[in-house]
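Residue numbers (the numbering used here): 275 to 597. Step one of this worksheet: look at the structure below.
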């Protein structure tokens, strides 16, 4: 993180961290990080020891609340007050191992409303057959690689391809023709939703007051990040891409494998990746697949019961209605 902010022009970075529930030395490290940012005159807001998730509180409601606390200074107030920090892009980073070059590469995708990485882990309990459909009849079949050390794509709950269908844990990851052709060359490809451990976001919706939220009554019981994708689409922000050259992991051993043969996607140089994705190849109208949280109040997701939503989402700009 320190390398990332010092690589940007002076005055161009604001660091916001909201920590809660840590049982290790995270708080102490954040105090040190705050001191370093102060010396470097990097504006920041670091909260250590924040409110942990209360027993019985829905995880998604809590995550949405914490994200809103972390983005408060970049968001318009309820009464139209201007943001206290004018951001052009926001970078969200999950609990992943990353390099400064990863965040900076995502920041360079300035024409994308969302530019996401790909996050990976080892699947410890892979099923014994390929005849498994984890996303119901609307999703791709689950493929199982022969090498148990091979890394698997992780964020299938949130990631959706250009047609609104879930990505698969293993290659080829997407079925949409144009996206698959680009992915096989390691180039950024079209999606209709993503988060995937780290992403760079067009900050304009937040400057206009956007807040993270959980699904409302009658909506899909899904991640606050999935809800954000749909809200963005409804507002006319639809240029979403994944850059497979930015790859992250959640454990140190897996992070060391990210740029080896343990990931079956090539890394394209920036000169090739910088060429804009042609969004004309994306369907203009599509349905999003919903994978609900379980009904028992747990954080589990039943991927066997995923279904396409009836709402038709559009990549066309919203049409202003006359009063």
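A virtual CB, placed ideally from N, CA and C, is assigned to each residue, including glycine. Owing to the predicted nature of the structure, the values given are computational and were not obtained by experimental measurement.
Limits of the unbroken beta strand (DSSP E) element including residue i
{"i": "residue 480", "result": "Premise fails: residue 480 lies in the alpha helix (DSSP H), 478-481, not in any beta strand (DSSP E)."}
{"i": "residue 340", "result": "Here residue 340 belongs to no beta strand (DSSP E); instead the alpha helix (DSSP H) covers 333-344."}
{"i": "residue 375", "result": "Taken as a continuous stretch (DSSP letters only), residue 375 belongs to no beta strand (DSSP E), being part of the alpha helix (DSSP H) at 374-381."}
{"i": "residue 319", "result": "318-324"}
{"i": "residue 289", "result": "289-294"}
Proximal residues to residue i (C-beta, below 6 Å), its chain only, five neighbours per side dropped
{"i": "residue 352", "result": "none"}
{"i": "residue 295", "result": "326"}
{"i": "residue 450", "result": "435, 436 and 437"}
{"i": "residue 290", "result": "319 and 344"}
Residue span of the alpha helix (DSSP H) that contains residue i, given as start and end
{"i": "residue 455", "result": "451-457"}
{"i": "residue 549", "result": "Residue 549 -> no alpha helix (DSSP H), and no H or E assigned at all."}
{"i": "residue 426", "result": "No alpha helix (DSSP H) contains residue 426, which is instead part of the beta strand (DSSP E) from 425-427."}
{"i": "residue 303", "result": "300-313"}
{"i": "residue 277", "result": "276-281"}
Opposing strand residues paired with residue i [DSSP bridges]
{"i": "residue 364", "result": "475"}
{"i": "residue 393", "result": "522"}
{"i": "residue 435", "result": "465"}
{"i": "residue 327", "result": "Looking at the DSSP assignment, residue 327 forms no beta bridge with any residue, so it has no partner."}
Beta-carbon contacts of residue i that lie in its chain and below 7 Å, excluding the five residues immediately before and after
{"i": "residue 372", "result": "472 and 522"}
{"i": "residue 501", "result": "487, 488 and 489"}
{"i": "residue 513", "result": "385, 386, 387 and 553"}
{"i": "residue 313", "result": "none"}
{"i": "residue 335", "result": "488"}
Residue closest to residue i, alpha-carbon to alpha-carbon, out of the options
{"i": "residue 581", "options": "537, 308, 312 and 438", "result": "438"}
{"i": "residue 466", "options": "343, 341, 361 and 516", "result": "516"}
{"i": "residue 343", "options": "589, 551, 308 and 480", "result": "480"}
{"i": "residue 293", "options": "499, 358, 339 and 383", "result": "339"}
{"i": "residue 493", "options": "518, 504, 573 and 341", "result": "504"}
{"i": "residue 495", "options": "561, 575 and 391", "result": "575"}
{"i": "residue 506", "options": "526, 483, 527 and 491", "result": "483"}
Close Cβ partners of residue i (< 8 Å) along its chain, the five nearest in sequence each way excluded
{"i": "residue 477", "result": "348, 361, 362, 363 and 364"}
{"i": "residue 428", "result": "393, 394, 395, 443, 470, 471 and 524"}
{"i": "residue 383", "result": "389, 462, 474, 515 and 517"}
*Completely contained alpha helix (DSSP H) runs for the stretch 481-516, where each covers 4 or more residues*: 498-509
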